[in-house]
Amino acid sequence: MATATFKIWRGDADGGELKEYTTELTEGMVVLDAVHQIQAEQAHDMAVRWNCKAGKCGSCSAEVNGQPKLMCMTRMGDLPTDRPITVEPLKAFPLMKDLVTDVSWNYEVKKRIRPFKPRRPDFEDGSWEMHQSDVDRVQEFRKCIECYLCQDVCHVLREHHMHDEFVGPRFFVHNAALEMHPLDTEDRREDLRTSQGIGLCNITKCCTKVCPEGITITDNAIIPLKERIVDQAYDPVRKLIQLVTGR
Amino acid sequence: MASGTTSLPVRSTFGQTMRTDSWWAQPVAVGVGLVFFFGYLTWAAVQGEYYTFGNYLSPAYSPELFGDTPHALFGPLPTWWPAWLPWAPVLILWAPGGFRATCYYYRGAYYKAWFADPPNCSVGEPRQSYLGVWWKPATWNERSFPLIMQNMHRYFLFFALIFIVILSYDAWRALWFIDPATGEETLGLGVGTLVVTLNAILLGGYTLGCHSLRHLVGGGLDVLFDKPIRRTAHACVGCLNRRHMLWAWTSLVWVCFTDLYVRMLAMGVWTDWRIF
Ligand code: SF4
Ligand code: SF4
Ligand code: FES
Ligand code: FES
Chain B
16 MATATFKIWR GDADGGELKE YTTELTEGMV VLDAVHQIQA EQAHDMAVRW NCKAGKCGSC
76 SAEVNGQPKL MCMTRMGDLP TDRPITVEPL KAFPLMKDLV TDVSWNYEVK KRIRPFKPRR
136 PDFEDGSWEM HQSDVDRVQE FRKCIECYLC QDVCHVLREH HMHDEFVGPR FFVHNAALEM
196 HPLDTEDRRE DLRTSQGIGL CNITKCCTKV CPEGITITDN AIIPLKERIV DQAYDPVRKL
256 IQLVTGR
Chain X
666 MASGTTSLPV RSTFGQTMRT DSWWAQPVAV GVGLVFFFGY LTWAAVQGEY YTFGNYLSPA
726 YSPELFGDTP HALFGPLPTW WPAWLPWAPV LILWAPGGFR ATCYYYRGAY YKAWFADPPN
786 CSVGEPRQSY LGVWWKPATW NERSFPLIMQ NMHRYFLFFA LIFIVILSYD AWRALWFIDP
846 ATGEETLGLG VGTLVVTLNA ILLGGYTLGC HSLRHLVGGG LDVLFDKPIR RTAHACVGCL
906 NRRHMLWAWT SLVWVCFTDL YVRMLAMGVW TDWRIF
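The structure is reproduced here in structure tokens:
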């Protein structure tokens, strides 16, 4: 029977180390299965968060061989087993225990984002008219499962720890979903430019590469938001035209 | 779940990562490629010779504002122009150069490759600060001066759109061969015509897929269903935009090759094959 060796981070905020475990592989196994098998057979006290095992709850985020991944969607067959596979917790958030980090900062950030503010209903029964072609764009952003892999890989959070000044790619996606919604009337550009730090993003697209939902975070959410902010704050010619035409 | 009892993991050092792939290969290739191709174009523009061959004109000198060839718009270089100052970079190349330098794709690429910011995804950086103090380049970010100037990209786009027209005209000119004996122009097709035309097409694909253009034609609006022209334009730009990186590289390489091709013909090293 084929086996694979893992190096799994064991420890808490006070310290820890990568511990080696070897376990048997079975057909169709994913990393989360292997971690559960190790937990059941060799490390009963290992902390690992998971829920759906279907890539839809966003709980099992970790770093597999240094790459942010959903453990339940990472097939063992796609990983080289000739050397140990490392499994570590997310690095952009405080560590609680083993593979579990405290991602509650994200929940606090979300509360700071101005909520959906629809225009007055178009019809007396309180409904609106919307066209699919205008909703297509925001539907991409609604696929987000809040796994925070994009937050983990973003160097502004991961390396520079600028959690107080930067909300991270997940919340640019959230802002974009609201800001580009055909019914929404709120203006979030000033918040994005100032307290949410969109200017700190240097469009390296690491977030886009790790998103398990395939959301084109940088090209479809962040850059269009950056362009809207240029309209609002960094385009003197546009300002001049507006001044002259009064529009 | 209590927070506050825990702290963030420590910052990684330069190049520190658990990635097992050759993560350095891509930034090295991009960094070297950018230096090579932009270096070649700068050299070609400063060099000042061998940039036309008959009806072909190198894109590094287009539009040829001053010169002794039939392409020149305003005749020979004015006598007051300092001899040490190459006119092409000063008068024309700042526009496509600035357009590429502020392009969202190239920005992300050179921040990684040249400034290791980060060197690659989930790899440790050399920089310890990202606070944006203008006199400390190691702290720069796009929120503060000077990188905040990247937001001027849409102004460069305006000039880049004019360049598509100019380069398309060059492609048209490349179809009309001048008979050296009679001075008469006849329709023809040389390998050079194809080279110059492909250059205009690739630059068109790159420029028309620009993120700023996508915003200006319709991306800045939330409701487009009642504006069919803008909706179509937004969709078309979006379609090119999906492969923006590919257009950025192919057009860059091909601009260099087009200059090289014309240069080699002008120097008599290569022969231009005529198809008809
Ligand atoms: S593109 Fe921006 S938000 Fe995404 S990982 Fe890079 S810096 Fe962070
Ligand atoms: S945008 Fe993608 S990577 Fe980021 S939290 Fe949502 S699903 Fe995860
Ligand atoms: S367990 Fe739900 S996404 Fe992996
Ligand atoms: S974003 Fe690349 S050319 Fe404008």
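First to last, the protein sequences are chains B and X. Residue numbers for the first sequence follow the working numbering, so the first one is 16 and each next one is one higher. Residue numbers for the second sequence follow the working numbering, so the first one is 666 and each next one is one higher. Virtual Cβ for every residue (Gly too), placed ideally from N, Cα, C.
P83/B - containing alpha helix (DSSP H), residue span
As a first step, residue 83/B must be located in the first sequence, where it is residue number 68. In the DSSP assignment, P83/B falls outside any alpha helix (DSSP H) and lies within the beta strand (DSSP E) extending over Q82 to L85.
State yes or no: is the beta carbon of H787/X nearer than 7 Å to at least one beta carbon in chain B?
Within the second sequence, the letter at position 122 stands for residue 787/X. Note on residue identity: the sequence assigns Ser, not His, to residue 787/X. S787/X counts as touching chain B.
7 Å Cβ cutoff, T717/X in contact with chain B
Here residue 717/X corresponds to residue number 52 of the second sequence, with the count starting at 1. Chain B contact via Cβ: absent.
Proximity below 7 Å, CB of G884/X to CB of D937/X:
As a working mapping, residue 884/X is identified with position 219 in the second sequence. As a working mapping, residue 937/X is identified with position 272 in the second sequence. No; because the gap between Cβ atoms is not below 7 Å, this pair is not in contact.
What are the residues that DSSP puts in a beta bridge with A737/X?
Within the second sequence, numbered from 1, the residue matching residue 737/X stands at position 72. Its beta-bridge partners do not exist; DSSP assigns none.
is_contact[V168/B, chain X] using C-beta, thresh 7 Å
The sequence position of residue 168/B within the first sequence is 153, counting from 1. V168/B counts as touching chain X.
Can you find at least 3 beta carbon pairs, one from the region 102-110 of chain B and one from the region 76-92 of chain B, that sit closer than 8 Å?
Judged by pairs of C-beta atoms under 8 Å, the region 102-110 of chain B touches the region 76-92 of chain B, as three or more such pairs exist.
Taking 7 Å as the threshold (C-beta atoms), are C222/B and C159/B in contact?
As a first step, residue 159/B is located in the first sequence; it is residue number 144 there, counting from the start. As a first step, residue 222/B is located in the first sequence; it is residue number 207 there, counting from the start. Between C159/B and C222/B, the C-beta gap is not smaller than 7 Å, which leaves the two residues out of contact.
Taking Cβ to Cβ, would you say A900/X is nearer than 7 Å to Y770/X?
Stepping through the second sequence from its first residue, residue 900/X is reached at position 235. Stepping through the second sequence from its first residue, residue 770/X is reached at position 105. Taking the C-beta atoms as reference points, Y770/X is found no nearer than 7 Å to A900/X.
So which of E714/X, V927/X, G797/X and G874/X has the shortest CA-CA distance to R908/X?
Translated into positions along the second sequence, residue 908/X becomes position 243. The residue from E714/X, V927/X, G797/X and G874/X with its alpha-carbon nearest to that of R908/X is G874/X.
Please confirm if F21/B has its CB atom under 7 Å from at least one CB of chain X.
Within the first sequence, the letter at position 6 stands for residue 21/B. Closer than 7 Å: no.
According to DSSP, residues forming a beta bridge with F842/X:
Start at 1 with the first residue of the second sequence, and residue 842/X comes out as number 177. Beta-bridge partners assigned by DSSP to F842/X: T851/X.
CB contact below 7 Å: T678/X versus chain B:
Stepping through the second sequence from its first residue, residue 678/X is reached at position 13. So no, T678/X is outside the interface.
Could you check if P184/B belongs to the surroundings of ligand 1, using beta carbon to heavy atom distance under 6 Å?
Along the first sequence, read from residue 1 onward, the residue named residue 184/B stands at position 169. Of the heavy atoms belonging to ligand 1, at least one sits nearer than 6 Å to the Cβ of P184/B.
Beta-carbon proximity list for S74/B, same chain, < 7 Å, skipping 5 on both sides
Indexing the first sequence from 1 puts residue 74/B at position 59. Cβ neighbours of S74/B beyond the five flanking positions: R64, W65 and N66.
Closest by C-alpha distance to I831/X, when choosing among I757/X, L917/X and D782/X:
For this step, residue 831/X is matched to residue 166 along the second sequence. Of all alpha-carbon atoms in I757/X, L917/X and D782/X, the one lying nearest the alpha-carbon of I831/X is that of I757/X.
Label M666/X either buried or exposed according to how many other C-beta atoms from any shown protein chain fall within 10 Å of its C-beta, with 16 as the threshold for buried.
Here the question's residue 666/X lines up with position 1 in the second sequence. Low per-residue confidence applies at M666/X: pLDDT is 36, beneath 50, and the placement is therefore not dependable, though the value from the model is reported in the following sentence. When all chains shown are included, M666/X counts as exposed.
Please determine if the region 208-220 of chain B and the region 143-150 of chain B are in contact, where contact requires at least 3 C-beta pairs separated by less than 8 Å.
Contact fails: fewer than three Cβ-Cβ distances are below 8 Å.
Would V245/B pass as an interface residue toward chain X - the criterion being a Cβ-Cβ separation below 7 Å?
Here residue 245/B corresponds to residue number 230 of the first sequence, with the count starting at 1. Output row for V245/B: interface = yes.
G70/B and P184/B: beta carbons closer than 7 Å?
Stepping through the first sequence from its first residue, residue 70/B is reached at position 55. Stepping through the first sequence from its first residue, residue 184/B is reached at position 169. Not a contact, by the Cβ cut-off of 7 Å.
Straight-line gap, E242/B to V882/X (C-alpha atoms, nearest Å)
Here residue 242/B is taken as the residue at index 227 of the first sequence, counted from 1. Here residue 882/X is taken as the residue at index 217 of the second sequence, counted from 1. If you draw a straight line from the Cα of E242/B to the Cα of V882/X, it comes to about 12 Å.
Any beta carbon from chain B within less than 7 Å of T685/X's own beta carbon?
Taking the second sequence and counting its residues from 1, one reaches residue 685/X at position 20. Answer yes: the Cβ-Cβ gap between T685/X and chain B drops below 7 Å somewhere.
Which first and last residues belong to the alpha helix (DSSP H) in which M44/B is found?
The count along the first sequence starts at 1 and reaches residue 44/B at position 29. For M44/B, no alpha helix (DSSP H) run applies, since DSSP gives it neither H nor E.
Measure how close the beta-carbons of A62/B and V115/B come, nearest whole angstrom, since I'm counting them as under 8 Å.
Here residue 62/B refers to the residue found at position 47 when the first sequence is read from its first residue. Here residue 115/B refers to the residue found at position 100 when the first sequence is read from its first residue. Your pair A62/B and V115/B checks out as a contact, with CB atoms roughly 5 Å apart and the cut at 8 Å.
Secondary structure at M145/B, three-state DSSP: helix, strand or coil?
Taking the first residue of the first sequence as position 1, residue 145/B is located at position 130. Reduced to three states, the DSSP call for M145/B is coil.
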